[in-house]
Structures are given as C-alpha cells and as structure tokens.
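*Asks:*
Protein chains in written order, with the numbering used here: chain A, 1 to 614; chain B, 1001 to 1305.
1. By the DSSP assignment, the beta strand (DSSP E) with residue 1197/B in it spans what residues?
2. Can we say the stretch 425-435 of chain A touches the stretch 301-313 of chain A, given the rule of at least three CB pairs closer than 8 Å?
3. Mind listing which residues of the stretch 1185-1215 of chain B have their C-beta closer than 7 Å to chain A's C-betas, in chain order?
4. Assign residue 403/A to one of three DSSP states: helix, strand, or coil.
5. Between the stretch 382-391 of chain A and the stretch 168-184 of chain A, do three or more beta carbon pairs fall short of 8 Å?
6. Could you check whether the Cβ of residue 1180/B sits closer than 8 Å to any Cβ belonging to chain A?
7. Along chain B, in chain order, which residues have C-beta atoms closer than 7 Å to that of residue 499/A?
8. Taking only beta-carbon atoms, is residue 505/A less than 8 Å away from chain B?
9. When you compare only the Cα positions, how much space is there between residue 77/A and residue 1273/B?
10. Return the Cβ separation of residue 553/A and residue 589/A in integer angstroms, given the expectation that the two are a contact with Cβ distance under 8 Å.
11. To which residues of the same chain is residue 524/A closer than 7 Å at the C-beta, ignoring the five residues directly before and after it?
12. Give the interface partners of residue 593/A over in chain B, defined as CB-CB distance under 9 Å, in chain order.
13. Return yes when the Cβ of residue 1259/B is within less than 8 Å of the Cβ of residue 1214/B, no when it is not.
14. Would you give the residue range spanned by the alpha helix (DSSP H) that residue 1252/B belongs to?
15. In terms of residue numbering, what span does the beta strand (DSSP E) encompassing residue 123/A cover?
16. Does any residue of chain B bring its CB to less than 8 Å from the CB of residue 588/A?
17. Residues of the stretch 1234-1252 of chain B with a CB closer than 8 Å to any CB of chain A: list them in chain order, please.
18. Could you tell me which whole beta strand (DSSP E) segments of length 3 or greater appear in the stretch 204-291 of chain A?
19. Pull up the distance between the alpha-carbon of residue 147/A and that of residue 362/A, whole angstroms please.
20. With burial defined as no fewer than 16 other Cβ atoms inside 10 Å of the residue's Cβ, what is the status of residue 1090/B: buried or exposed?
21. Kindly indicate the opening and closing residues of the alpha helix (DSSP H) around residue 1130/B.
22. Check the Cβ-Cβ distances between residue 612/A and every residue of chain B, and say whether any is below 8 Å.
23. Need the endpoints of the alpha helix (DSSP H) that residue 502/A sits in, please.
24. Got a sec: which bits of the stretch 1254-1266 of chain B sit with their beta carbon under 9 Å from any beta carbon on chain A, in order along the chain?
25. Quick one: which chain A residues come within Cβ less than 9 Å of residue 1081/B?
26. Should residue 510/A be labelled buried (16 or more other beta-carbon atoms within 10 Å of its own) or exposed?
27. Under 9 Å Cβ-Cβ, which residues of chain A neighbour residue 1276/B?
28. Which residues in the same chain have their Cβ closer than 7 Å to the Cβ of residue 1080/B, if we skip the five residues on either side of it in sequence?
29. Roughly how many angstroms separate the alpha carbons of residue 1280/B and residue 529/A, rounded to a whole number?
30. Nearest chain A C-beta to residue 1053/B closer than 8 Å, yes or no?
31. Report the rounded CA-to-CA distance for residue 1255/B versus residue 62/A, giving the unit in angstroms.
32. Mind reading off the beta-carbon distance from residue 1158/B to residue 1270/B? Whole number of angstroms is fine, and I expect it under 8 Å.
33. Since residue 566/A meets chain B, which of its residues come closer than 8 Å, beta carbon to beta carbon?
34. Kindly indicate the opening and closing residues of the beta strand (DSSP E) around residue 181/A.
35. Quick check: is the beta carbon of residue 200/A nearer than 8 Å to any beta carbon in chain B?
36. Please state whether DSSP places residue 566/A in a helix, a strand or coil.
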C-alpha cells in the first residue's frame, strides 16, 4: 500500500488501511479501571506535537515521514486543535456556498488549489502494560483528509472529518521511539459533502489515542433492549471477537441482576449471537426517567484470568410508526428538540468534556428532550452523556452539500452531489456505516439521519436502504426528499421539513399526511428571534401526527478575538477574520451565545417545551 | 404650584418636581426631581429599533427605512397650554403677549397641561400628540402619547417616545414581565417584580435591538445620586427599553464593542412594538398579529415621578 496524492480527488478511494467501524465500547483490564474511567488498554497521544504548516501541497515537506528528516520549518502545535486557531492560515465562516466561491471555478470532485497542509510529527513509546498486544492507532476527528505513517511506513488514509479512523499498526511499531507522522489536507473530494453551515477548519481537532487489544478482544458488540407493549423486555446481544493467537476460555455476560450467561469460547468463535432474553418486567428508558441497565461482559482465559472487561449501559425502549404517528414506548412521541453544533469560543469545534457537560445541563434546564447532531457525528462521549441524561438523539451522518444545489434562495441542482452519481455511493455508504456501527448501542438514538440539505437522488436512496437494513429498531430521517416527492416512498420514515410555518404544517397534515410530520429545523434563533414559538406547541393539540421539531440551533458560532483598537475581547463571527466570501453573522443562531450564556429567548424555550412535557 | 410663563418656555414647579417645557425645541426640556436633572435633550419621537436579524432578513428594515429618519427628526407643528381650564395658545404664550401673564392668577394654577402637536418627516405624514400634565394634588408629571397614522405609510418597528438620560444607571426595577419580552415572545414571561443591576448589554453577537419589556406597570431607574419612576396610567401598561446607545448607533455597530462608551441612557417608552419573528428562517416577518399598522392610532399614558 502506497500513499498517493491522487487519493484526495479519486472518488474510488474511500479510505486506505482503515479498520472497519465498530461499536464505541471501551474495554478495560478490570473492574477497578472501569470505575475510574481509565482503561489500561488506552494511552493518549494528545499534547504538543511537532508541526510544519504549508499553504499548499507543493510547499509541503515530501520526506517528512522519513527517519532522518529534519527541517528548520518545524514548529509546535497542540493536539487536538484546529490549525487555523493556532495562528496558521485563514479562518473562514461560510454557510451554503463552498469556501472557494469566487476564487476558483470547480465542479465535484475537483479539489481546491487553496489546500493548506499540516504535517504533524511525534514520537511515542509502547507503554509497559501494552507490550506484546495488538496496537491500534485511533483518531476521533481529523479535518478533512489525512495520511498516516508510522516509522516511515504508510499506515493509511481517511477523509471523513467527523468519524473515528483507526489503523492497526501492530506490525509497524517497536517498544521505543516510534515516529508517528500525520499529513492533513484541508480540502479533498469530500469537502463537497462536508459543506455544513460552519467555520471551515482543518487539522487534528479531536483526541488521538493508542490502544491495545488483548489476546481475545470484543471488536464489536450490538446490545439491544426492546421494550414490549406489556412492559416486558427482550434483550439481544451479538459480539464479534478477534484473537491474537489460539485461545481457550469463556465469556460471561450479565444484564443488571436479571441474568448471567456463560459461554465457552475458542479462537474460532469470531461471531457470537446469544439467545434472546425475555425479561418479564423492565423499567423503560424515557427522557423523564432515563433508566439504564448495567451490561457487563467479561472474557476469561482457561486459567480464569480476566482478559477483558466491557461494561455498557443499555436501556429498554421501542420506536415505530403507527397510524402516521411516531410512537415511542407505545405512546406518541413529542420532540422538543434542538440542533447542536459542537462549539467553543476558544477552540471552535475542538470542545472539552466540560463544554459537553455544560451543554447537557443547559439542555435539561431548558426542558429540551432531543438533540440533532447537526450535521455530523459528534465526539463519542456525547452519545454516552445523552444516554445518561435522557436526551433523545437524531444521529446524523456526516453529509451536507447544499452549495451544490441551493444558490441563495434558488434551487438549481444541475451539478448536485451525491445525486444519482454512483461513484459517490461508496463514500456516502461508508459514512452511514461508520455512524451506525460506532453508535448503534446508544439507547438515546431514536433516529438515524442521512445528513442535511443534500437534495435527493439515488445515492441518498441507497443510504436510506443501508440504515433500514442494518437497524430494524430505529427510524430513518431525511429532509431533502421534500424536493423530490417522487422519492418519498423510498426515503425517510417521516415527513421532515425545515422552517415550515405553522400554516404550512397544517396544510401538509391535512392534504397529504402519509407520514408523521417533524421539523428537523425550525424557530431560527438568529439574534433577537424566537417569536411566535407557542404557535408550534399548539400543533401538538391539533394534530396527532405532528411529532415536534428541533430549534435551529443550540449555540452561536463565534470566536474570541481582541479588538485591535481597544484590546477588548469580543465574540467575532463570520467576516471578522477578513475572509471572503463569508455569510457574516449567520453563524450566530443559538439559544445560547458562544460562551454558553443564555439568550433572553431562553425563557420562551423553557416555557413552551416545559409546558408540554414536564 | 408656581408657573413660569417664560419667553421661550413654560416652567412648572410642583413640590420636588421641576419641569421646563421648551417652545422652540417642542417638548419637555428639563425634568428635575429632588433637584437632579433627568434629561439630556428634549424627548424625541421614537420610531426605530436597531434592525434585528429577522427585520433585516425579511426586508422589513429596507421597506420601513423612512422610520429611521423619523426617529431622528420631526416637526413641531403647534403647542398650547391649559391652565386651570383656561386655554392659552401659542400666540398667547410668546412675547410680548406673555407680559400680560405677569400678574395672572394662572401663575399659581393647580392644574396645568401643555400639549405638543408633531408631524413626522415621512411622506405621507403622520401626527403625534404629546400632552404633559401637572396637578398640585398629584405627584409627578403625566404624559399622554397619541400616534395618529396615515394610509400609505409602511409598518414601523415601534412608536413611542425616547428620553435620553444624561447619566449612567446603576440599576433598574420594574413591575411587569420577566426577562426580555416582545409581543410574540410573551408566553414564557411571568408576572412580578424584577430588578437588574447596571445597564443591560446587548446579548447578541451582531448588535441589534434588545431589552424590550412589555406590559409594565411601573419602572424605577436608579443612578448614583438620583432616581426616576414611571408609573403606567393604563391597564395594559407601557413597554420600555433602557439601552446604553441610540437605535442608530446600534444599527451601525457590528458588535457590541463597536458601540460608543456608555455615557447616557436611552429610555424608550413605546405605545406599540413589533414582534421579532423567527418562525420561517430569517426570511419571513413575524405573524401578522405582531406587525404594526402605521395607519392606525396608538396610545400610551404614564406618569413620571
């Protein structure tokens, strides 16, 4: 396998050397580690790395991954962070238009020549306890495309900014002084489908880890608790195991105090499907009472040594469409939701666990019961937090291409991607797979969403089909099919619209009404706004098939900047960084400002959502 | 009361309240309580708010921009005084006619009111009448505001009066509704007594109108060495905002830090306020229930103490 610059534009290259996506469970060496949330299988690679910034691919140091490379150009950078917030390159906010609008005439999948490159270098040792184990290198988020070398050997390539990318580097590492080199490109072909309404950043912006796999490891698990109408529960568990060598041992799993099951295993048992368990009474998972049961899976070797321990928290729920209503746990679902970008005024989309904890507290306090991960997978920890807090999730696939068909207020899809272009299908289906496989165990996820504002065509139909086949326990959402009514039978379980007025909602329900109705975006909270919110709340009483909506959006995207005249720090938005083009203050539509301070309209959110649901 | 029939002004002294109404600037020129001044300039007609994102996005600001000018400039058409039931017209009040008032019993009148008639600098024009009244048996100064519209005028974001207080406030308290409220954002507000320390700062990244408080029955403004109270004379109450800058200064500012240093306080008392909208992205106006009709009549009444 050789790294090649052509990967950036070649649609047939989805990734190189990347491990298949799998569930986001954390494995521990013992229960004590789990109690402390500190797995001995993991080690962080965050911190200060060496760094070379180039404003174009031509300027990059082509030999930087080689052993004796040295250069006076090497500086330092903090990992994780956005390159643009560390003093390199151009900060730019732009909404629907592509960032190269007015600078270059491009069509998909051409790659912009304005393509800064960040070359990251660091060394690492294999920690004592990981010696002899299989070694995985894990990136939780790198924007937009990157190549990885370990000790001069090419380990792989990925170009999905918001999904976890992992590379098996077992055969490339030694005990000490491993040299890890990562080359990050700001733009690639996938920039066309990562046109989300946000600041355009690049770099390693989420954590990087090394982790190791013991001799027998749970690569993937799918645990599901299905609530029955009579308040009983059906629990299913499916595991995929991998082995480093021959193995004899047993696997033991339990759910709460309901039961414990034991199974003898050998290295041939790479897939285990446990019998379904019927539990006469379970507490349901609900946003008011987000009850989760402790799932514990332990693998022992034949000397009864604990090899690996995987805990997870699973709830029992059930979602389906019945009589054009979204039914959750056999009652009508009323979504009081909000769209949430990951944001920090100092770090951009590089956010901390503290930021996320604050978000949970703010959402609960505002009586919000659902969040849409607009329009990409979030940090994996967010899904765990939503599980625990009782915040339902619409888990979005990393896709938005509105610049390819929305020209200001005109709809003109002559070169829309992905559209019907089959050569884009693999890239998009890979994103669906990453989203589904990684987060499928999270009880709070009720909807998979194909992404946002990408018009509709056959590739999107295939994405819908992927989710429907992969997961029978959840609903699939996509709004863009609104523009292709002929495709409604094969895309989206719900009629989803954005910014439809209460009168338009009534019109759909009265005239068409074949699917439940929800608003994936409504109540545009830009500046001083959110007037007339109560009118939507009244729709719940008027129409049983109205399922609610998600406010646009949770948090202003603005960055701390120093006023050049007074030295005063202020919250800067689009255009404040001299970038052209930009959509200026359109970046600020939150119900909280960028510092997570409530905007005045929050009392309206709290009252309208609270009135309905608490 | 002591009434001063000046050459260019009418002075009224009623206990601790001292008021000077100017004929040439067309309004209340000085308002003192306990010997402390509360006015920087004559209160002006208020017709503008710094465009909210929805005002701009819906094209409202563009369609209604003549009201921004009407908020800055206005014509004084006429004024008259009624003292203890005697009507004194403009002609009766200016020199040399005021010489005859030197020995008039009206200089000790128990009830006096002065009515100013304004026209807007719009085409077509609208009319505003403001009547200030003082009585010896009542504390303070009553203000009655009437806007009388004309067909053909575009909708405005608000109509009312703007007082520029020549000082920074330390706090304010009001009986009315919690938080920031607009006609289409009342549902979440609760009724009660509320207090805020200091002036409210613009909570929005792009500077725009904020801080409206609907349906207020009383407002108390505290500064270091003086305080001012407004009490509603109507059941529905008045609407007010207390801001550190003018609507035009805020209109032009991209960020709150772009505003001039906070020196004076802009008190707007509005008879009517437009909703903020936001239902349909940023491209639609608020629902028609929350849009003002510039051909209609709007009134408010309050007492300044």
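All C-beta atoms, glycine included, are put in the ideal place defined by N, C-alpha and C.
Quantities reported herein were computed from a predicted structural model and do not represent experimental measurements.
*Replies:* Taking the definition as stated:
1. That run of the beta strand (DSSP E) goes 1191-1197.
2. The stretch 425-435 of chain A vs the stretch 301-313 of chain A: no contact.
3. Of all residues in the stretch 1185-1215 of chain B, 1185, 1187, 1188, 1189, 1203, 1204, 1205, 1206, 1208, 1209, 1210 have a Cβ within less than 7 Å of some Cβ in chain A.
4. Helix.
5. Contact between the stretch 382-391 of chain A and the stretch 168-184 of chain A is absent, with fewer than three C-beta pairs closer than 8 Å.
6. Any Cβ of chain A closer than 8 Å to the Cβ of residue 1180/B would place that residue at the interface, and such an atom is present.
7. Neighbours of residue 499/A on chain B, chain order: 1280, 1281.
8. Taking Cβ atoms only, chain B never reaches closer than 8 Å to residue 505/A, which makes this a no.
9. If I take the Cα positions, the gap works out to 51 Å.
10. Right, their Cβ atoms sit about 5 Å apart.
11. Take residue 524/A, set aside five residues on each side of it, and the residues of its chain with a beta-carbon closer than 7 Å to its own are 499, 552, 589, in chain order.
12. Those are 1203, 1204, 1205, listed as they occur along chain B.
13. Not a contact, by the Cβ cut-off of 8 Å.
14. That run of the alpha helix (DSSP H) goes 1247-1252.
15. Per DSSP, residue 123/A belongs to the beta strand (DSSP E) from 117-124.
16. So, interface residue.
17. If the cut-off is 8 Å between Cβ atoms, the stretch 1234-1252 of chain B has nothing near chain A.
18. Runs found: 208-213, 216-227, 233-243, 248-255, 259-266, 271-273, 277-279.
19. CA-to-CA, the gap between residue 147/A and residue 362/A works out to about 38 Å.
20. Residue 1090/B is classed as exposed because its beta carbon has fewer than 16 other beta carbons within 10 Å across all chains shown.
21. Counting along the chain, no alpha helix (DSSP H) covers residue 1130/B; the unbroken beta strand (DSSP E) around it starts and ends at 1127-1135.
22. For residue 612/A, no CB of chain B lies under 8 Å from its own CB, so it is not counted at the interface with that chain.
23. Run containing residue 502/A: 502-511, per the alpha helix (DSSP H) assignment.
24. Those would be 1254, 1255, 1256, 1257, 1258, in chain order.
25. Per Cβ cutoff of 9 Å: no residues; residue 1081/B is ~41 Å from chain A at best.
26. Result: exposed.
27. Within 9 Å Cβ-Cβ: 527, 528, 529, 530, 531, 532, 601.
28. Annotation for residue 1080/B: 1087, 1088, 1089, 1090, 1115 place their beta carbon closer than 7 Å to its own, counting only its chain and skipping 5 residues before and after.
29. One C-alpha to the other measures close to 11 Å.
30. Under the 8 Å criterion on CB atoms, residue 1053/B is classed as interfacial with respect to chain A.
31. Taking the straight line joining both Cα atoms gives about 43 Å.
32. That belief holds up - the Cβ atoms of residue 1158/B and residue 1270/B are roughly 4 Å apart, short of 8 Å.
33. For residue 566/A, the neighbours in chain B by C-beta distance under 8 Å run, in chain order, 1257.
34. Annotation: the continuous beta strand (DSSP E) that includes residue 181/A extends over 178-185.
35. Nearest CB-CB separation between residue 200/A and chain B: not below the 8 Å threshold.
36. Three-state result, residue 566/A: coil.
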